Amino acid sequence: MKALIQRVKRASVEVEGEIVGSIDHGLLALVGVEKHDDAAAVEKLLHKLLHYRVFSDTEGKMNHNLQQVSGGLLLVPQFTLAADTRKGLRPSFSSAAPPAQGEALFNLLVAQARTAWPHVATGEFGADMQVALINDGPVTFLLES
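Below, the structure written as structure tokens:
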């Protein structure tokens with residue numbers, strides 16, 4: 004699994020004109036699922052999402068994680084993160100998980116995240132979503148499980 008995370012001051016996701024998920028200070032995670040991913044990959048990615056140190060301490064160093072700053076976590080399914088862009092000028096999605104597998108693993112990630120952390124919001128799997136954010140920094144990392 005892959006997650007492109009962005010430290011945000013606030014972020015939201017909208018489907019058909021309605022906001023389906025939003026957070027204030029925290030992490031926006033665009034999540035891509037690949038064919039080889041499984042429940043172990045979900046657990047590893049969730050651990051990174053909750054513990055990756057991207058928030059500043061009192062000295063301005065990235066020493067705090069999401070939990071230490073009581074931040075929100077906005078999980079948005081992002082099929083295109085699984086694209087292979089190494090060849091040519093058009094992405095290949097041959098490494099992406101089939102929709103049923105992708106949805107099941109994304110839903111597992113959401114369920115486990117909500118069990119582990121009270122401030123979780125989501126986008127909608129398979130929907131045409133509009134994502135709005137104010138990137139804090141900007142600070143952006145690609146996490147892989």
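Offset between the sequence shown (1-based) and my numbering: plus 3. By construction, the Cβ of each residue, glycine as well, lies at the ideal position given by its N, Cα and C atoms. Computed from a predicted structure; not experimentally measured.
Counting along the chain, H28 sits inside no alpha helix (DSSP H), nor does DSSP assign it H or E at all. If only uninterrupted beta strand (DSSP E) runs of at least 3 residues are considered, those enclosed by the stretch 45-111 are 65-67, 75-80. If you ignore the 5 residues before and after G105, its C-beta comes within less than 6 Å of the C-beta of V36, all in its own chain and listed in chain order. At the C-beta level, V57 and L108 stay beyond 7 Å of one another. Beta-bridge pairing by DSSP links V11 to G29, N138. For V113, the secondary structure class from DSSP, reduced to helix, strand or coil, is helix. Pairwise C-beta distances place the stretch 117-137 in contact with the stretch 13-26, as three or more of them are shorter than 8 Å. If you look at A124, you'll find it in the beta strand (DSSP E) that goes 123-125. Nearest Cα to L111 within the set G20, N66, G24, D41: D41. Our two residues, F82 and S148, have alpha carbons roughly 16 Å apart in a direct line. Contact check for A130 against V18 passes: the beta carbons are separated by less than 7 Å.
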